[in-house]
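A.B. asks: Have a look at this one before I ask anything.
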Amino acid sequence: MENVFCIKRSDLDKFFPGNLPQGSISSPSLEDVLTLSHHFVPRDHAESDPSYKQIIPYQLFARNGRVFVYQRGGNAGEKRLRGKLSAGIGGHINSYDSTSGKRLTIENFMQALIREREEETVCPPGLDARFLGWINDDSDDVGKVHLGSVFLCRLDEHHSFTLRTGTGSEDIHEAWLIFGGRYSQQR
Numbered sequence: 071m072e073n074v075f076c077i078k079r080s081d082l083d084k085f086f087p088g089n090l091p092q093g094s095i096s097s098p099s100l101e102d103v104l105t106l107s108h109h110f111v112p113r114d115h116a117e118s119d120p121s122y123k124q125i126i127p128y129q130l131f132a133r134n135g136r137v138f139v140y141q142r143g144g145n146a147g148e149k150r151l152r153g154k155l156s157a158g159i160g161g162h163i164n165s166y167d168s169t170s171g172k173r174l175t176i177e178n179f180m181q182a183l184i185r186e187r188e189e190e191t192v193c194p195p196g197l198d199a200r201f202l203g204w205i206n207d208d209s210d211d212v213g214k215v216h217l218g219s220v221f222l223c224r225l226d227e228h229h230s231f232t233l234r235t236g237t238g239s240e241d242i243h244e245a246w247l248i249f250g251g252r253y254s255q256q257r
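According to this note's numbering, the sequence shown is numbered sequentially starting from 71.
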């Protein structure tokens, strides 16, 4: 059984009294959020219980003023994400990512972020991931149970980057988009 890292929505009230803001959020720091009581909950329960927020390390990749994006095809593993456009990769933190199986440290969190990057992409090792903030979207069933911790990874011009095959990526469309306040596709 897969147990995923969660924080009770009510515990997030410490930083967001009333309601968790929608969209991008610049604070609190990751370190501050990790001080909250957290739980490793069976994934099937966490996916359907909005009283928990699964904390997902979400990585954006930028190169030469462009951001990597992709659209999931009809064979994507997570049915609720099929056909959706994504500007990054993310994944669950599991109980085995924690040294104790109960408490997650910043080091454990960053190691899980690197594990997800290595599982999902083919890219140079040792990329620096800079924490940008949080993304929250309670408008659909996926967003109601996830809170993304957003990181930016900058690639050098000569670095190759693609999604790893064999992870459902065979039915995915990839692109690098120019970011200038709004997206415009660059071919």
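Note that beta-carbon positions come from the ideal geometry of N, C-alpha and C, so glycine has one too.
Fair warning: this is a prediction, and the values are worked out from it, not measured in the lab.
#1: In chain order, what residues of the same chain lie with their CB nearer than 8 Å to the CB of Ser-80, ignoring the 5 residues before and after it?
#2: Name the residue from Gln-92, Gly-88, Val-74 whose alpha carbon lies nearest to the alpha carbon of Asp-207.
#3: Measuring alpha carbon to alpha carbon, tell me which residue in Asn-89, Ser-107, Leu-222, Asp-198 is nearest Lys-172.
#4: Where do the N-terminal and C-terminal ends of the beta strand (DSSP E) with Ile-184 fall, by residue?
#5: In chain order, what residues of the same chain lie with their CB nearer than 6 Å to the CB of Phe-249, ignoring the 5 residues before and after it?
#6: How many Å lie between Lys-154 and Asp-241 at the Cα?
#7: Specify the secondary structure class of Ser-156 as computed by DSSP and reduced to three states.
C.D. replies: Concretely, from the data shown:
#1: Answer for Ser-80: Ser-121, listed in chain order.
#2: Out of Gln-92, Gly-88, Val-74, Gln-92 has the C-alpha closest to the C-alpha of Asp-207.
#3: Between Lys-172 and the set Asn-89, Ser-107, Leu-222, Asp-198, the nearest pair of CA atoms involves Ser-107.
#4: If you look at Ile-184, you'll find it isn't in any beta strand (DSSP E); it sits in the alpha helix (DSSP H) that goes 176 to 190.
#5: Leaving aside the five residues that flank Phe-249 on each side, the residues in its chain whose CB is nearer than 6 Å to its CB run, in chain order, Val-137.
#6: Cα-Cα distance, rounded: 12 Å.
#7: Under the three-state reduction of DSSP output, Ser-156 falls in the strand class.
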